[in-house]
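**Student:** Line by line, the protein sequences give chains A and B. When we follow UniProt numbering, the leftmost residue of the first sequence carries the number 1, and every step to the right adds one. When we follow UniProt numbering, the leftmost residue of the second sequence carries the number 1, and every step to the right adds one. First the structure, then my questions, so here it is.
Number of protein chains: 2
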Amino acid sequence: MTEAEFLAALRQLPLHPGAHSLTDDTATLGRYILTTDTLVEGVHYLAGDRPADVAWKLLAQNLSDLAAKGATPVGVLLNYPLRGADDWDAAFLAGLATALTHFSTPLLGGDTVSLPPHAPRVLTLTAIGADAPAPPRSGARAGDALYVTGTIGDAGAGLAIALGKDGPAELLAAYRRPQPRLAEGQALGPHVHAMMDISDGLLIDAERMAAASDLAVTIDLAAIPLSPAYAAFAGTDRAARLAAATAGDDYQLLFAAPAERALPVPATCVGHFTHGTALTLKHGVQPLPLPGKLGFQHAS
Amino acid sequence: MTEAEFLAALRQLPLHPGAHSLTDDTATLGRYILTTDTLVEGVHYLAGDRPADVAWKLLAQNLSDLAAKGATPVGVLLNYPLRGADDWDAAFLAGLATALTHFSTPLLGGDTVSLPPHAPRVLTLTAIGADAPAPPRSGARAGDALYVTGTIGDAGAGLAIALGKDGPAELLAAYRRPQPRLAEGQALGPHVHAMMDISDGLLIDAERMAAASDLAVTIDLAAIPLSPAYAAFAGTDRAARLAAATAGDDYQLLFAAPAERALPVPATCVGHFTHGTALTLKHGVQPLPLPGKLGFQHAS
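In structure tokens, the structure reads:
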């Protein structure tokens with residue numbers, strides 16, 4: 001099955017109301033929200049990546065889903081495969097300790113299993129948060145502006161650097177040590193109509209928010225916020241902007257809010273929602289065809 | 001790292017109070033409890049096992065941890081790896097639908113990832129329960145009797161049958177479709193000092209309860225409850241009783257309660273707790289040496 005077929009079949013199972021019909025990255029249970037992410041060696045991270053960076057990313061990616069709901073992290077569960085005598089395990093745990101401490105998030109439990117020696121590692125972390133004021137991603141309204149926090153494309157450039165390109169340490173760090181926007185999410189939560197994190201790319205994630213909200217969205221490439229380091233590395237022309245808007249792993253927040261509303265944290269307006277369907281792209285006043293790939297797609 | 005080394009290192013991480021110092025199968029969060037289990041193809045189930053049976057086992061094993069706390073299941077999260085076009089996925093989901101319906105447990109969410117074509121499947125399910133009256137496994141007291149629900153050894157005999165031995169369908173079903181003792185757990189919860197499920201074997205799990213409670217435990221092989229089907233398949237002599245007491249996957253409840261207390265559900269007294277440490281085995285009045293293996297041990 002493809003991921004889309006599998007997801008469609010999952011929706012036929014008995015679903016909890018807090019599952020939001022499996023259209024959101026988090027589930028709701030009383031005052032708690034839950035999210036879970038799995039990283040596969042060779043698919044979601046490079047076999048040569050440092051184990052401490054993998055631990056950071058596993059935690060950060062989950063906490064980013066909590067951030068997108070404005071929640072405060074409460075604890076995590078870890079499912080870890082042991083592949084036999086291996087320095088990797090100790091280095092992973094040391095990195096996880098650093099990351100848990102950094103994000104003030106304690107371990108609640110988990111499961112440890114054996115894996116055959118040559119099988120790729122499959123790492124699962126489940127994060128629980130509390131007091132999430134943000135609505136699901138389906139809440140955008142026609143007329144809302146589409147905003148992003150921070151800058152876009154830094155992690156994608158960092159991946160290219162990790163794969164061998166020359167480039168600044170700052171971009172590599174954006175890829176290896178993503179920062180979930182927990183404080184921004186908590187501040188924005190009560191003010192937005194819809195919010196999610198950008199994990200697979202600005203264009204694909206914006207299209208998902210529009211689809212979940214039954215709306216069309218138009219994005220202006222000229223408005224995509226680029227960091228000085230990204231501009232120096234990749235330039236600021238259309239190709240560079242398109243690369244930034246279709247790269248994954250930025251973990252910035254993407255949200256819909258009324259255009260006239262004052263926001264509690266800095267964010268950049270990159271588009272707007274209207275009645276209709278689908279994603280439209282422009283560069284300033286010039287309409288653009290959609291690129292072949294809107295972002296990172298799993299198991300397609 | 002071995003599992004024991006890994007677990008010791010995990011205990012050095014920042015822990016949530018509800019993690020119970022990682023000495024229990026479930027974590028506590030407000031009125032909720034959480035448990036998570038991972039099944040690895042070729043380690044926890046046979047590559048040729050029917051996908052619907054694997055789905056059942058994945059759910060049943062998690063619900064059994066909730067049963068051991070007397071909790072009511074609320075929902076589950078599923079982390080599932082797609083390995084490309086494959087009938088296995090649809091059959092797994094059909095089996096999961098049957099199992100979720102059978103146990104009145106809805107899906108809350110999860111994550112779907114890609115796995116390389118020849119990698120073993122790694123399946124994770126996280127179950128959330130509510131209103132768990134049972135204390136942790138560390139609560140046994142000197143003088144308590146040790147009880148088990150149901151009969152012991154059926155699933156172990158079923159595994160031998162799954163691997164090719166001749167034997168009755170009833171034992172095979174005990175291995176393939178284990179029944180978490182949810183109703184028994186809910187009834188027993190308020191009456192016990194300590195409770196856990198038997199997943200790895202009666203002897204090893206009883207030893208774990210005694211160790212967590214800082215006590216010694218003595219078990220009488222003659223008291224181990226055997227089903228008529230097991231007795232017909234394996235006999236009732238000492239070897240058959242030892243095989244039953246060291247086999248995994250029974251998912252019966254093991255609990256400590258005052259010997260004189262009336263119990264709300266049928267259970268068999270198989271031993272008792274005293275001051276001291278370690279597990280002692282006897283057969284009627286005759287002391288026995290401990291077998292080399294007390295049960296199924298992961299990643300040792």
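Glycine included, each C-beta is placed from N, C-alpha and C at the ideal position.
(1) Using a Cβ cut-off of 9 Å, pull out every chain A residue sitting near Phe-233 (chain B), in sequence order please.
(2) Give me the chain B residues within the contact set of Asp-111 (chain A), using Cβ-Cβ distance strictly less than 7 Å, ordered along the chain.
(3) Verify the CB distance criterion: does Thr-124 (chain A) have a CB-CB separation below 8 Å to chain B?
(4) For the stretch 191-204 of chain A, which residues have a beta carbon sitting closer than 9 Å to at least one beta carbon of chain B?
(5) Short of 6 Å in beta carbon distance, which residues of its chain neighbour Leu-78 (chain B), apart from the five on each side in sequence? Order them along the chain.
(6) Which stretch, first to last residue, makes up the beta strand (DSSP E) that contains residue 319 (chain B)?
(7) Nearest by alpha-carbon distance to Val-54 (chain A): which of A:Thr-2, A:Ile-33, A:Tyr-80 is it?
(8) Check whether chain B comes within 8 Å of Met-209 (chain A), counting only Cβ atoms and requiring the distance to be less than that.
(9) Is it right to say Val-40 (chain B) is buried, meaning 16 or more other beta carbons lie within 10 angstroms of its own, or is it exposed?
(10) Under 9 Å between beta-carbons, which chain A residues line up against Pro-14 (chain B)? List them in chain order, please.
(11) Roughly how many whole angstroms lie between the Cα atoms of Ala-190 (chain A) and Leu-34 (chain A)?
(12) Could you name each continuous alpha helix (DSSP H) segment of 4 residues or more that falls completely within the stretch 158-215 of chain B, going from the start of the chain to the end?
(13) Assuming His-102 (chain B) is part of the alpha helix (DSSP H), what are its boundary residues?
(14) Expressed to the nearest angstrom, what Euclidean distance is found between the alpha-carbon atoms of Gly-185 (chain B) and Asp-65 (chain B)?
(15) Taking C-beta to C-beta, are Asp-131 (chain A) and Arg-31 (chain A) nearer than 8 Å?
(16) Quick one: Cα of Ala-299 (chain B) to Cα of Ala-244 (chain A), how far?
(17) How is the alpha helix (DSSP H) around Ala-68 (chain B) delimited, first residue to last?
(18) Rounded to whole angstroms, what's the CA-CA distance from Asp-144 (chain A) to Pro-116 (chain B)? Just pull it up for me.
(19) Please report whether the beta-carbon of Leu-159 (chain A) lies at a distance below 8 Å from any beta-carbon of chain B.
(20) Does the stretch 257-277 of chain B come within contact of the stretch 211-231 of chain B, defined as at least 3 CB pairs closer than 8 Å?
(21) Chain B beta carbons: is any one of them nearer than 8 Å to that of Phe-6 (chain A)?
(22) Leaving out the 5 sequence neighbours to the left and right, which residues in its chain are closer than 7 Å to Pro-17 (chain A) when beta-carbon positions are compared?
(23) Tell me the residue span of the alpha helix (DSSP H) that contains Ala-239 (chain B).
(24) Would you mind sorting Val-285 (chain A) into buried or exposed? The rule is 16 or more other CB atoms within 10 Å of its CB.
(25) Is the Cβ-Cβ distance between Thr-149 (chain B) and Val-265 (chain B) less than 8 Å?
(26) Any C-beta of chain B within less than 8 Å: which residues of the stretch 58-91 of chain A qualify?
(27) In or out: Pro-178 (chain A) buried (at least 16 other Cβ within 10 Å) or exposed?
(28) Among A:Thr-26, A:Pro-73, A:Leu-108, A:Leu-82, which has the Cα closest to the Cα of Ile-118 (chain A)?
(29) Count the other CB atoms, across all protein chains shown, that sit within 10 Å of the CB of Leu-279 (chain B); report buried if there are 16 or more and exposed otherwise.
**Tutor:** According to the structure shown:
(1) Chain A residues near Phe-233 (chain B): none, gap ~29 Å exceeds 9 Å.
(2) Thr-36, Asp-37, Thr-38
(3) By this cut-off, Thr-124 (chain A) is an interface position.
(4) none
(5) Gly-110, Leu-125
(6) Coverage of chain B is limited to positions 1 through 300, which leaves residue 319 (chain B) absent and any answer about it impossible.
(7) A:Tyr-80
(8) No, Met-209 (chain A) lies away from the interface with chain B (no Cβ there is under 8 Å from its Cβ).
(9) buried
(10) Ala-97, Leu-100, Thr-101, Ser-104, Thr-105, Pro-106, Leu-107
(11) Note on identity: in this sequence residue 190 (chain A) is Pro, with Ala being the wrong assignment. Cα-Cα distance, rounded: 19 Å.
(12) 169-176, 182-188, 202-212
(13) Element bounds for His-102 (chain B): 87-102.
(14) 10 Å
(15) yes
(16) Its pLDDT being 40, under 50, Ala-299 (chain B) is placed unreliably in this model, and the value from its coordinates should be taken loosely. Using only the alpha carbons, I get a separation of about 43 Å.
(17) Run containing Ala-68 (chain B): none; DSSP gives neither H nor E here.
(18) 41 Å
(19) Judged by the 8 Å Cβ criterion, Leu-159 (chain A) is not in contact with chain B.
(20) yes
(21) By this cut-off, Phe-6 (chain A) is an interface position.
(22) none
(23) 238-245
(24) exposed
(25) yes
(26) Val-74, Gly-75, Leu-77, Leu-78, Asn-79, Tyr-80, Pro-81, Leu-82, Ala-85, Asp-86, Asp-89, Ala-90
(27) buried
(28) A quick correction: the sequence has His, not Ile, at residue 118 (chain A). Nearest option by C-alpha distance: A:Leu-82.
(29) buried
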